[in-house]
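Enquirer: Got a structure here, written out as C-alpha cells. Questions coming.
Number of protein chains: 2
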Amino acid sequence: MLVARTAKVAVNSMPELAIFRHFSPALQNALESVQCITYYPAGAVLFVESQPSRGVFFLSRGRIKLSVCARDGKTLILRVVQPGDALGVGAAVSGRTYEATAETLEPCEISFIRPSDLLRLMSLYNEFAMRMAEYLSQEYNSTCRELRSLMLSESASERLARLLVGWLDTNGDTKHRGQMKLTLTHEEIAQMIGTSRETVTRLLTEFRKKHFVQRHGSTIVVCNRGALESLITA
Amino acid sequence: MLVARTAKVAVNSMPELAIFRHFSPALQNALESVQCITYYPAGAVLFVESQPSRGVFFLSRGRIKLSVCARDGKTLILRVVQPGDALGVGAAVSGRTYEATAETLEPCEISFIRPSDLLRLMSLYNEFAMRMAEYLSQEYNSTCRELRSLMLSESASERLARLLVGWLDTNGDTKHRGQMKLTLTHEEIAQMIGTSRETVTRLLTEFRKKHFVQRHGSTIVVCNRGALESLITA
DNA sequence: AGGCCATGGTGATCAAGGTCACACAGTAGT
DNA sequence: ACTACTGTGTGACCTTGATCACCATGGCCT
Numbered sequence: 001m002l003v004a005r006t007a008k009v010a011v012n013s014m015p016e017l018a019i020f021r022h023f024s025p026a027l028q029n030a031l032e033s034v035q036c037i038t039y040y041p042a043g044a045v046l047f048v049e050s051q052p053s054r055g056v057f058f059l060s061r062g063r064i065k066l067s068v069c070a071r072d073g074k075t076l077i078l079r080v081v082q083p084g085d086a087l088g089v090g091a092a093v094s095g096r097t098y099e100a101t102a103e104t105l106e107p108c109e110i111s112f113i114r115p116s117d118l119l120r121l122m123s124l125y126n127e128f129a130m131r132m133a134e135y136l137s138q139e140y141n142s143t144c145r146e147l148r149s150l151m152l153s154e155s156a157s158e159r160l161a162r163l164l165v166g167w168l169d170t171n172g173d174t175k176h177r178g179q180m181k182l183t184l185t186h187e188e189i190a191q192m193i194g195t196s197r198e199t200v201t202r203l204l205t206e207f208r209k210k211h212f213v214q215r216h217g218s219t220i221v222v223c224n225r226g227a228l229e230s231l232i233t234a
Numbered sequence: 235m236l237v238a239r240t241a242k243v244a245v246n247s248m249p250e251l252a253i254f255r256h257f258s259p260a261l262q263n264a265l266e267s268v269q270c271i272t273y274y275p276a277g278a279v280l281f282v283e284s285q286p287s288r289g290v291f292f293l294s295r296g297r298i299k300l301s302v303c304a305r306d307g308k309t310l311i312l313r314v315v316q317p318g319d320a321l322g323v324g325a326a327v328s329g330r331t332y333e334a335t336a337e338t339l340e341p342c343e344i345s346f347i348r349p350s351d352l353l354r355l356m357s358l359y360n361e362f363a364m365r366m367a368e369y370l371s372q373e374y375n376s377t378c379r380e381l382r383s384l385m386l387s388e389s390a391s392e393r394l395a396r397l398l399v400g401w402l403d404t405n406g407d408t409k410h411r412g413q414m415k416l417t418l419t420h421e422e423i424a425q426m427i428g429t430s431r432e433t434v435t436r437l438l439t440e441f442r443k444k445h446f447v448q449r450h451g452s453t454i455v456v457c458n459r460g461a462l463e464s465l466i467t468a
C-alpha cells in the first residue's frame, strides 16, 4: 500500500534524475520511451548477488542498501544508494552477474531499463556511453575508498568515527549543526564497518560517555566532531 | 639497463594489446598515433594515490602492483595488474585523482595515453567508449570481489588460502599441476590479504606442516587444493 | 673475505573484539 | 492487557593476530 501512496505523488512525468539532465532532447526521449517507472515498498529486493543482470535501476526517490554476503550469512554493506544514483550499470555493461544485493530501505521510486536497451542507447548516443563510463568510474572510486577505509584502519572505533563524520557531510541537518537522524540499526551499522552488533553498541555508549555524541530518541548529535576526526588516522 | 634490453625485443610495432584488438582500423590508427610506448625498470612508480590524472597506461609486458596506503605507512595491495590490462582509466574518465599507487614489479612495457586524447577518442569512436565502459565495469567487479573476500572472511588463513587458490587459477603452471612461482615476498602477500608479515610466514609453515603445500626454492606446490578450498567459507 | 641489507622464521606477550548469554525497552498485533 | 518480536545494553570469556624482539639465511657489493 505504501507503493500506491508513493505512486500518486509523482505519476505524471519522468523522474527528476540528475543523471539524465544535460542530455540531448533526442536521448532524453529515447530514454523515456524505454524506461519503466516502478515503485517498491521498504524491504524489497531489487536483485541479488551473482544473479544474471536483469536490468539497470535509476533511483529517483528513496534509499537502497547495497550489500554482499558470505555463505554463513555474514553481510557487508557496500554503501547506501541515494536518489539520483544508478544501480547495476556494471553488470549490464559487462554482461556479467550482479556483484551485490540491492534492497530498499524505504519506499522507492525507480526508473528501470533493460540491459539490451541500455547497451543499444549507449551505442547509439555517444554522450550516454560517456556518461555511463563516468558513472562507472565514480562507482569504482568510491569502492576503492571504501576498501581503504575498511582495511587500513585497525580499530573498529576508527571505522565508526569515519562513518559518522561521513554521514555528517552527506546527511547532516543543515539547520542544527552536527545533528542527524540515525536511520540504520546498530546491526546495519555493524555491517557497514565490518564488525559485530555488540561492538557498535559499546562504541556508541563509549562515544556518549566521552561526550563526542549525544542521543535524543533516534536522532544523534555530534557534539565534538574534532574528537571523532582525531580517531581517524588513515 | 633492463629497460634497454626490453626495448630491443619489441621496438618495431604497436604492442600486442588484447584490449586494442577487435577495434576498427581507423580507431587502431588513431590510438597508435596518440600513444607513447615507454619502458620502465622494476620498482618504478607510474603514479601515486591522490595525484591528478596524468594519463592512462596500457600494460603490454610486465606486472604492476596497485596499492593504497594509510598515513602510518601501512599498505594494502588492491591487485597485481597483468599484461593486457589498463591503469588509470577511471581517473581519466571522471577527471579525478588516481585512487591508488602503481608501481612496477618487473621491467614493463607500457603504452601511455594522455587523458585528453583518451577522452577525445572515446567521444569520436563509440566502440572505444563502449570498450572503456566495459573495462571499468570489470575493474569495479574485481574490486567488489576483493572487498568481499577481504572483509567477509574472519581468519587470515582463509584469506591466504583464497589467495593461493586464486593464483593457481591464473598463474598456475599448466604442465605441473598445482605448481607455481611465488613472485611476491611474504611482506607483499601480507599486504594483499591485510595482515602482518609474521602471520603470513606462520601460516605458510603451518600449511607446509599439514601438507597442503610444499616448497622447492621459490616455487610453491599446492599438494592439497581441496584442503585449502575447505578453509574458504565466504 | 667481510659487510650489509632484504627476506624468512619463531617465541613471548597482550589487547581488541567476536561470541554467548541475558536483561530490558519499545512497538505492533490480537 | 498479553504476547511476540525487534532492537538495544552489558557482562564474562576466550581466540585471533598484531607487535616486539631476535636470529638465520642468502644474495650482492666493494
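Protein chains in written order, with my numbering: chain G, 1 to 234; chain S, 235 to 468.
All C-beta atoms, glycine included, are put in the ideal place defined by N, C-alpha and C.
Keep in mind it's a predicted model, so treat the numbers as computed, not measured.
Any Cβ of chain G within less than 8 Å of the Cβ of M366(S)?
Expert: Interface residue, yes.
Enquirer: Cβ of S196(G) less than 8 Å from any chain S Cβ?
Expert: no
Enquirer: Indicate whether at least one CB of chain S lies closer than 8 Å to the CB of R79(G).
Expert: It does not: the Cβ of R79(G) has no partner Cβ on chain S nearer than 8 Å.
Enquirer: To the nearest angstrom, how far is the alpha carbon of F362(S) from that of S142(G)?
Expert: 24 Å
Enquirer: For H445(S), which three-state DSSP category applies?
Expert: Residue state, collapsed to three classes: coil.
Enquirer: Let me see if you follow: with CB-CB separation under 8 Å, is G166(G) close to chain S or not?
Expert: With 8 Å as the cut-off, G166(G) does not count as an interface residue toward chain S.
Enquirer: Excluding five sequence neighbours on each side, which residues of the same chain lie with their C-beta closer than 8 Å to the C-beta of G412(S)?
Expert: L402, G406, V455, V456, C457 and R459
Enquirer: Using a beta-carbon distance below 8 Å, is K415(S) in contact with chain G?
Expert: no
Enquirer: Against chain G, does L355(S) count as a neighbour if the rule is that its beta carbon must be under 8 Å from one of theirs?
Expert: no
Enquirer: Would you mind telling me which residues of chain G sit closer than 8 Å to M426(S), beta carbon to beta carbon, in chain order?
Expert: Here the premise fails: no neighbours, minimum Cβ distance about 11 Å.
Enquirer: From G217(G) to E106(G), what does the alpha carbon distance come to, in whole angstroms?
Expert: 20 Å
Enquirer: Cα separation between A326(S) and E134(G)?
Expert: 9 Å
Enquirer: G43(G) versus chain S: which residues are under 7 Å apart at the beta carbon?
Expert: By Cβ distance, chain S contributes nothing, its closest Cβ being about 22 Å from G43(G), past 7 Å.
Enquirer: Does the Cβ-Cβ distance between I311(S) and C342(S) come in under 8 Å?
Expert: I311(S) places its beta carbon 8 Å or farther from that of C342(S).
Enquirer: Tell whether a beta-carbon distance below 8 Å holds between L438(S) and L136(G).
Expert: no
Enquirer: Assuming the contact rule is C-beta atoms closer than 8 Å, I427(S) and L394(S) should be a hit. Round their C-beta distance to whole Å, please.
Expert: 6 Å
Enquirer: From the DSSP output, read off the bridge partner residues of F112(G).
Expert: C36(G) and F57(G)
Enquirer: With the cut-off set at 8 Å, would you say R399(S) and E440(S) are in Cβ contact?
Expert: According to the sequence displayed, residue 399(S) carries Val and not Arg. Result no, Cβ atoms of V399(S) and E440(S) do not sit closer than 8 Å.
Enquirer: CA-CA distance, A238(S) and R396(S)?
Expert: With a pLDDT of only 37 at A238(S), under the threshold of 50, the placement of this residue in the model should not be trusted; the figure read from the coordinates follows. The alpha-carbon atoms of A238(S) and R396(S) are separated by roughly 37 Å.
Enquirer: CB-CB under 7 Å to R61(G), same chain, minus the five flanking residues each way: which ones, in chain order?
Expert: P83, C108 and E109
Enquirer: How would you call T417(S), buried or exposed, if buried means at least 16 neighbouring beta carbons within 10 angstroms?
Expert: exposed
Enquirer: Among I466(S), Q448(S) and A264(S), which residue has its Cα nearest to the Cα of M414(S)?
Expert: Q448(S)
Enquirer: I want to see whether chain G comes within less than 8 Å of L462(S), judged by CB atoms only; does it?
Expert: False, the Cβ-Cβ gap to chain G never drops below 8 Å.
Enquirer: Taking DSSP as the reference, what is the three-state secondary structure of L119(G)?
Expert: The three-state secondary structure of L119(G), taken from DSSP, is helix.
Enquirer: Just to confirm, is the Cβ distance from M122(G) to M364(S) under 8 Å?
Expert: yes
Enquirer: Quick one: grab the DSSP three-state call for S413(S).
Expert: Reading the sequence as shown, one finds Gln at residue 413(S) and not Ser. Here Q413(S) sits in strand by DSSP.
Enquirer: Would C270(S) be called buried (16 or more neighbouring beta carbons within 10 Å of its own) or exposed?
Expert: exposed
Enquirer: Classify A100(G) as buried or exposed, calling it buried when 16 or more other Cβ atoms lie within 10 Å of its own Cβ.
Expert: buried
Enquirer: Can you give me the C-alpha to C-alpha distance between G324(S) and Y140(G), rounded to a whole angstrom?
Expert: 7 Å
Enquirer: Between T170(G) and chain S, is any beta-carbon pair separated by less than 8 Å?
Expert: no
Enquirer: Taking DSSP as the reference, what is the three-state secondary structure of F254(S)?
Expert: helix
Enquirer: If I'm right that G88(G) touches G55(G) with Cβ under 8 Å, what's the distance once you round it to whole angstroms?
Expert: The beta carbons of G88(G) and G55(G) sit about 7 Å from each other, so the pair counts as a contact at 8 Å.
Enquirer: So is Q285(S) buried or exposed if we call it buried at 16+ other beta carbons inside 10 Å?
Expert: exposed
Enquirer: Who are the neighbours of G318(S) on chain G, taking C-beta pairs under 8 Å?
Expert: Within chain G, no residue comes near G318(S); the closest Cβ sits about 16 Å away, beyond 8 Å.
Enquirer: Of all Cβ atoms in chain G, is any one closer than 8 Å to the Cβ of Q285(S)?
Expert: no
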